[in-house]
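S.K.:
Residue numbers (the working numbering): 27 to 114.
1) Could you pull the start and end residues of the alpha helix (DSSP H) that residue 93 belongs to?
2) Rounded to a whole number of angstroms, what is the C-alpha to C-alpha distance between residue 56 and residue 47?
3) Taking the alpha helix (DSSP H) that residue 42 falls in, what are its first and last residues?
4) Is residue 79 helix, strand or coil when you go by DSSP?
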(Lines of atoms letter the chains of each structure in order from A and count residues from 1; the text may use other names and numbers.)
(Lines give C-alpha, C1' and ligand atoms only; values in the text may rest on other atoms or scores of the structure.)
Protein backbone atom coordinates (compact mmCIF):
# COMPACT_ATOMS: atom_id res chain seq x y z
CA UNK A 1 0.00 0.00 0.00
CA UNK A 2 1.41 3.37 -0.98
CA UNK A 3 2.05 6.16 1.50
CA UNK A 4 -0.58 8.30 -0.20
CA UNK A 5 -3.28 5.71 0.49
CA UNK A 6 -2.28 5.54 4.16
CA UNK A 7 -2.78 9.26 4.85
CA UNK A 8 -6.58 9.17 5.20
CA UNK A 9 -6.70 6.13 7.52
CA UNK A 10 -3.88 7.63 9.58
CA UNK A 11 -5.78 10.90 9.98
CA UNK A 12 -8.96 9.03 10.94
CA UNK A 13 -7.04 6.99 13.51
CA UNK A 14 -5.37 10.10 14.93
CA UNK A 15 -8.68 11.95 15.27
CA UNK A 16 -10.27 8.88 16.90
CA UNK A 17 -7.42 8.53 19.40
CA UNK A 18 -7.47 12.25 20.25
CA UNK A 19 -11.24 12.04 20.75
CA UNK A 20 -10.87 9.09 23.13
CA UNK A 21 -8.02 10.83 24.98
CA UNK A 22 -9.98 14.05 25.54
CA UNK A 23 -13.08 12.12 26.64
CA UNK A 24 -10.96 10.18 29.12
CA UNK A 25 -9.43 13.37 30.50
CA UNK A 26 -12.86 14.96 30.88
CA UNK A 27 -14.17 11.90 32.75
CA UNK A 28 -11.12 11.91 35.00
CA UNK A 29 -11.01 15.63 35.75
CA UNK A 30 -14.59 16.88 35.37
CA UNK A 31 -16.89 13.94 36.17
CA UNK A 32 -20.03 15.60 37.58
CA UNK A 33 -18.04 18.73 38.38
CA UNK A 34 -17.26 22.16 37.01
CA UNK A 35 -13.94 23.88 36.58
CA UNK A 36 -13.38 27.59 36.18
CA UNK A 37 -10.72 28.24 33.54
CA UNK A 38 -11.01 32.03 33.43
CA UNK A 39 -13.34 34.37 35.34
CA UNK A 40 -15.65 34.44 32.31
CA UNK A 41 -15.09 30.84 31.09
CA UNK A 42 -15.81 27.58 32.89
CA UNK A 43 -16.15 23.93 31.87
CA UNK A 44 -19.08 21.77 32.99
CA UNK A 45 -19.50 18.02 32.61
CA UNK A 46 -22.73 17.16 30.76
CA UNK A 47 -23.84 13.89 29.16
CA UNK A 48 -25.92 13.86 25.99
CA UNK A 49 -27.54 10.51 25.20
CA UNK A 50 -29.08 11.68 21.94
CA UNK A 51 -27.85 13.56 18.91
CA UNK A 52 -27.64 17.34 18.61
CA UNK A 53 -29.20 19.10 21.59
CA UNK A 54 -30.47 15.80 23.03
CA UNK A 55 -32.85 14.98 20.18
CA UNK A 56 -33.91 11.31 19.92
CA UNK A 57 -32.68 10.61 23.43
CA UNK A 58 -32.47 6.91 24.38
CA UNK A 59 -33.20 5.73 20.83
CA UNK A 60 -29.97 3.78 20.29
CA UNK A 61 -31.47 1.02 18.14
CA UNK A 62 -32.47 3.52 15.44
CA UNK A 63 -28.97 5.00 15.27
CA UNK A 64 -27.27 1.61 15.19
CA UNK A 65 -29.43 0.48 12.26
CA UNK A 66 -29.14 3.85 10.49
CA UNK A 67 -25.34 3.83 10.85
CA UNK A 68 -25.04 0.25 9.59
CA UNK A 69 -27.21 1.01 6.53
CA UNK A 70 -25.24 4.18 5.80
CA UNK A 71 -21.89 2.37 6.07
CA UNK A 72 -23.10 -0.38 3.72
CA UNK A 73 -24.38 2.18 1.21
CA UNK A 74 -21.07 4.04 1.27
CA UNK A 75 -19.12 0.81 0.76
CA UNK A 76 -21.30 -0.12 -2.23
CA UNK A 77 -20.93 3.38 -3.67
CA UNK A 78 -17.13 3.25 -3.30
CA UNK A 79 -16.93 -0.16 -5.00
CA UNK A 80 -18.98 1.10 -7.92
CA UNK A 81 -16.75 4.15 -8.26
CA UNK A 82 -13.65 1.94 -8.16
CA UNK A 83 -15.13 -0.34 -10.84
CA UNK A 84 -15.43 2.67 -13.15
CA UNK A 85 -11.92 3.88 -12.34
CA UNK A 86 -13.13 6.97 -10.48
CA UNK A 87 -11.76 5.99 -7.06
CA UNK A 88 -8.72 4.06 -5.94
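We put the beta carbon where it would ideally sit given N, CA and C, even for glycine.
M.R.: Let me lay it out:
1) Here the alpha helix (DSSP H) through residue 93 covers 86-109.
2) Their Cα atoms are separated by approximately 14 Å.
3) Element bounds for residue 42: 29-56.
4) Collapsing the DSSP output to three states places residue 79 in a helix.
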